[in-house]
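Everything below concerns the one structure shown next.
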Amino acid sequence: MASSYSEVYGAWRQDPRAFWAKAAEDIDWLRPSQRVFDPAGGVYGHWFSGGETNTCFNCLDRQVAAGRADQTALIYDSPVTGTVEHWTYGAMLAEVVALAAVYRDLGIGKGDRIIIYMPMIPQAAFAMLAAARIGAVHSVVFGGFAANELATRISDSQARLIVSASCGIEGGRAIAYKPLLDAAIEISAHKPDHCLVYQRETLQAELRGKRDIDLASAVSAAKHKGADVPCTPVLATDPLYILYTSGTTGQPKGVVRDTGGHMVALLWSMQNFFGLKPGEVFWAASDIGWVVGHSYIVYGPLLNGSTSVLYEGKPVGTPDAGAYWRVVEQHGVTKLFTAPTAFRAIRKEDPQGELIGRHDISSLQALFLAGERADPDTVAWAQAKLGVPVIDNWWQTETGWPVAGNPIGLGLLPVKYGSAAVPLPGYDVQVLDDAGHPVAKGTLGNVVIKLPLPPGCLPTFWNADARFREACLSEFPGYYRTADAGYIDEDGYIFIMSRTDDIINVAGHRLSTGAMEEICASHADVAECAVIGIADAIKGQIPAGFLVINADVSRETTAIEREVVALVRERLGPVAAFKTVICVKRLPKTRSGKILRGTMQKIADRESWKMPATIDDPAVLEEIAAALKERGIGG
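In this text, residue positions in the sequence shown follow our numbering: the first is 14, and each later residue adds one.
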């Protein structure tokens, strides 16, 4: 394969099928595909039709066969319990085989659905891989989700088995999962046959009758029997997992990930985008309830023969804003992948980066940021304090792996602050106006991806082809609608500015809230910010900014608010009508770190809204509502 980005992307452009056929050679196949791409299969086509393989085999069995049995595959680091565990490839394989035997003995087989409702513990990863081993389809639901949200996922997936734990640990206290699970099953239209429950020392759960089974005891019994469960061959086009995202109608969207294309894309990205070598330590500081956790805590590093860190903690508060640097030093992390919001939280608590200097982070080669737009100020701060490349990258639950980024594995390109850099092979990214016409370079518009989507992206929604077409493919025929707004510059760099519903119309001018946030965040005292559009009788909409101030700032917030207003007026001009700025203690976020701008906007516009299922702390929305009411907004 060629060594530079331009050559590699050009090779894909010239012959996409040959490009992905070559990448697929790095995966072990039980039967090679009959067609690299079948345009007649599925909603928009199928990758590697006819091929047979198994994800668990590629993640574990083949690594052990290659001599990695004694190499660490997974490092479990839990500051909330004071636990650190090292799991070798050989030990992980033994656990996964035993758990697969438990699944099999419960009557679970190929194509059956398993819901995994667990905290960030190794058993969650084992549960995923054991499902893949027998050809079952797993769906991870973030541990601690409300009962009604869990119930909708049980019903939609028709799950026959739920794998859970007695509790998770949030904010220094144990959150009991079993009562939530019991309530979800009670209200679900579909009832699972069994629940496997892992009992944690922090808090034990009460098991009910024959339905509930102690997971550790069942796995121990399977090992004692000497259970051996070979990998079940599955088609490349068979689903590996369903990952639910919140739907606008209240009905969750089940993003489907197929088996073959997923492995090919992830392994390619590990080597060529992240530049990760087998044996190196990779840390995706995310959660397996989110796509980053699926792709880059569990599957990607193991496919690559690397070591993955599974972290049960926060960027600040477990115990302080130096938590990440302790992990990097202790485990020799070479590549760190996290959300920009995590770094804004670290910067807020440690603006001068003093805690970084207390740790030896010389193993760290690069920082990757994704999940929300990485504002230039945060990127510059991280780069200055860490002394390593800071690589913004843009992708979605639907794509499963980065659409755009600076590919360190192919040689770093020049960095442009505020840009997710360039599209990766497989992605033909374009910008269209609302009528579907291409816009000029540098012009804000709808970011779309020309079909077919590359391997690893969703082929459809779970049992909802029509909904997938309507939501993602119908607005711009021949393209996948990302629902992101942005532009592409003269050098082909992609700038994602906001979600399309975050573009506001001020007196006829289409303005990006992301551009305003970028300016707000450039103020030296601002740790984090969000800008929303508020309904206005005269201008249609006007922007309102919410600022979180650095912990070491003691001066009056009113002065900071005035300065930020002046900054925006200076850089965007009076057309932005940027006058409303409110300093708040914190911003409402999902557990993955996304700011809930849409809900904030509904509160400001006095529209009806419901508490988002993914919110990290519901009390923050009440604080936002109170701050708006104090300014005579919302109610």
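Note that the Cβ used here is the ideal one computed from N, Cα and C, for glycine as well.
Bridge-paired residues (DSSP) for residue i
{"i": "residue 566", "result": "For residue 566, which the question treats as bridged, DSSP gives no partner whatsoever."}
{"i": "residue 96", "result": "91"}
{"i": "residue 161", "result": "BP columns for residue 161 are empty, so no partner."}
{"i": "residue 152", "result": "128"}
{"i": "residue 22", "result": "Note: residue 22 sits in no beta bridge, so no partner."}
{"i": "residue 554", "result": "548"}
{"i": "residue 207", "result": "174"}
{"i": "residue 321", "result": "87, 295"}
{"i": "residue 169", "result": "Paired residue(s): none; residue 169 is not in a bridge."}
{"i": "residue 66", "result": "247"}
Beta-carbon gap between residue i and residue j smaller than 8 angstroms
{"i": "residue 460", "j": "residue 452", "result": "no"}
{"i": "residue 22", "j": "residue 438", "result": "yes"}
{"i": "residue 647", "j": "residue 617", "result": "yes"}
{"i": "residue 301", "j": "residue 137", "result": "yes"}
{"i": "residue 432", "j": "residue 507", "result": "yes"}
{"i": "residue 325", "j": "residue 133", "result": "yes"}
{"i": "residue 124", "j": "residue 270", "result": "no"}
{"i": "residue 480", "j": "residue 474", "result": "yes"}
{"i": "residue 55", "j": "residue 468", "result": "no"}
{"i": "residue 310", "j": "residue 337", "result": "no"}
{"i": "residue 362", "j": "residue 329", "result": "yes"}
{"i": "residue 650", "j": "residue 543", "result": "Any answer about residue 650 is impossible in this case: the structure gives the chain only from 14 up to 648."}
{"i": "residue 629", "j": "residue 603", "result": "yes"}
{"i": "residue 594", "j": "residue 640", "result": "no"}
{"i": "residue 293", "j": "residue 319", "result": "yes"}
{"i": "residue 280", "j": "residue 39", "result": "yes"}
{"i": "residue 211", "j": "residue 228", "result": "yes"}
{"i": "residue 46", "j": "residue 58", "result": "no"}
Opening and closing residue of the beta strand (DSSP E) in which residue i lies
{"i": "residue 126", "result": "126-130"}
{"i": "residue 347", "result": "346-351"}
{"i": "residue 412", "result": "Neither: residue 412 is in no beta strand (DSSP E) and is coded neither H nor E."}
{"i": "residue 594", "result": "593-596"}
{"i": "residue 443", "result": "442-445"}
{"i": "residue 59", "result": "59-62"}
{"i": "residue 270", "result": "266-271"}
{"i": "residue 474", "result": "It is not in any beta strand (DSSP E) - residue 474 carries neither H nor E in the DSSP assignment."}
Start and end residues, alpha helix (DSSP H) containing residue i
{"i": "residue 622", "result": "Counting along the chain, residue 622 falls outside any alpha helix (DSSP H), and DSSP gives it neither H nor E."}
{"i": "residue 29", "result": "29-37"}
{"i": "residue 230", "result": "228-238"}
{"i": "residue 316", "result": "313-316"}
Same chain, Cβ closer than 6 angstroms to residue i, neighbours up to 5 away in sequence not counted
{"i": "residue 314", "result": "295, 321"}
{"i": "residue 162", "result": "626"}
{"i": "residue 382", "result": "353, 405"}
{"i": "residue 182", "result": "93"}
{"i": "residue 37", "result": "277"}
Buried versus exposed, by CB contacts within 10 Å (16 or more), residue i
{"i": "residue 551", "result": "exposed"}
{"i": "residue 540", "result": "buried"}
{"i": "residue 27", "result": "exposed"}
{"i": "residue 76", "result": "buried"}
{"i": "residue 572", "result": "exposed"}
{"i": "residue 273", "result": "buried"}
{"i": "residue 419", "result": "buried"}
{"i": "residue 262", "result": "In this predicted model, residue 262 has a pLDDT of only 48, less than 50, meaning its place in the structure is not dependable; the value taken from the coordinates is given anyway. Burial call: exposed."}
{"i": "residue 305", "result": "buried"}
{"i": "residue 317", "result": "buried"}
{"i": "residue 457", "result": "buried"}
{"i": "residue 146", "result": "buried"}
{"i": "residue 530", "result": "buried"}
{"i": "residue 264", "result": "exposed"}
{"i": "residue 238", "result": "exposed"}
Neighbourhood of residue i by C-beta, 7 angstroms cutoff - its chain only, sequence neighbours within 5 removed
{"i": "residue 379", "result": "348, 401, 402, 404, 421"}
{"i": "residue 429", "result": "506"}
{"i": "residue 607", "result": "384, 385"}
{"i": "residue 599", "result": "561, 633"}
{"i": "residue 615", "result": "622"}
{"i": "residue 217", "result": "179"}
8 angstroms CB neighbourhood of residue i in its chain, flanking five on each side removed
{"i": "residue 491", "result": "463, 464"}
{"i": "residue 580", "result": "532, 533, 535, 536"}
{"i": "residue 661", "result": "Given that the chain is displayed from residue 14 to residue 648, the structure contains no residue 661 and the question cannot be resolved."}
{"i": "residue 200", "result": "160, 161, 164"}
{"i": "residue 331", "result": "92, 93"}
{"i": "residue 73", "result": "86, 102, 105, 106, 109, 142, 315"}
{"i": "residue 289", "result": "283, 295, 314, 317, 319, 347, 348, 422"}
{"i": "residue 399", "result": "369, 374, 377, 380"}
{"i": "residue 454", "result": "500, 501, 502, 503"}
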